[in-house]
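In terms of UniProt numbering, the sequence shown opens at residue 1 and continues consecutively. All C-beta atoms in this analysis are idealised placements derived from N, C-alpha and C, irrespective of residue type, glycine included. Each remark here refers to the structure printed beneath this line.
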Amino acid sequence: MTALGVERLLVGIRDAQTGLMMHRKWSRAELERSLPWLKRMNARGNDIYIRPDGDHGLVLVDDLKADALERMQREGYAPAAILETSPGNFQAWVKLSEAPLSVAVRTRAAQGLAQHYGGDLNSADGKHYGRLAGFTNRKPQHTRHNRQPYVLAQACPGTIARAAAAYLQQIAQGLDKEAEEQERRERREVLQSARPGAGRDPIQEYQLFVPMEF
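Pasting the structure below:
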């Protein structure tokens, strides 16, 4: 929690039988008081997850290998927290900003990092849960000798990624370009739908979408 730099966490307990997620919003003190209960839930086969509560400047990159983490560090995306979720498999929380980022920006950032470093694209969004260290990974494929692996915190420096500012600028430019293209498409659709004699003037329809200048 210290490494993530957030005051509250959304804790998810996924039921082993139904797959449904139970949610709790906790401060650090509340989380610590609830550890015995979480351990019991984990022992019953339920997985324990966390994500920052509310807006934040972090993204999760899931299902990484050790060599990908080394590349991230070299290329300016050193994670704020690294978790080994099963032997040889890692999750990384990358801090891009101390200030909150929109879900759209976080999602685009997570997708780009997952694609570049070979992470799980299905987990690349702005609201994804990561595993909580100190609890076991209950996925059946990780069972060894009738035991489940513990999720281990490998490194938790809590720092902002060196390449974050440039990456966020690139994302903002991309989102702005997409918004402009969408606006142009909407204008074309209006012009195409306006037909002479249908009671609408194509020029007037177009002007509805053009900002007025004063």
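Consult DSSP for residue i and reduce its assignment to one of helix, strand or coil.
| i | result |
| --- | --- |
| N89 | strand |
| D125 | coil |
| H142 | helix |
| T84 | At residue 84 the sequence reads Glu, which differs from the Thr that was named. Correct three-state label for E84: strand. |
| L191 | helix |
| D176 | helix |
| L4 | coil |
| D120 | coil |
| R147 | strand |
| A155 | strand |
From the DSSP output, read off the bridge partner residues of residue i.
| i | result |
| --- | --- |
| W26 | L9 |
| Y49 | G12 and R131 |
| M72 | Bridge partners of M72: none, in fact. |
| K95 | L58 and I160 |
| M21 | R14 |
If distances are taken between C-alpha atoms only, which option among the options comes closest to residue i?
| i | options | result |
| --- | --- | --- |
| S86 | G158, L132 and V103 | L132 |
| G126 | T18, K95 and K177 | K95 |
| D53 | G119, L31, M41 and A68 | L31 |
| I82 | H56, G130 and M22 | G130 |
Just to confirm my understanding: we take residue i, look at its own chain, exclude 5 residues before and 5 after, and list those with CB closer than 7 Å. What are they?
| i | result |
| --- | --- |
| residue 276 | The chain is shown from 1 up to 214; residue 276 falls before or after that span and cannot be answered. |
Should the segment 134-144 be called in touch with the segment 107-123, which here means at least 3 C-beta pairs below 8 Å?
Contact between the segment 134-144 and the segment 107-123 is absent, because fewer than three Cβ pairs lie under 8 Å.
With a cut-off of 8 Å, do at least 3 Cβ pairs link the segment 57-68 to the segment 35-44?
no
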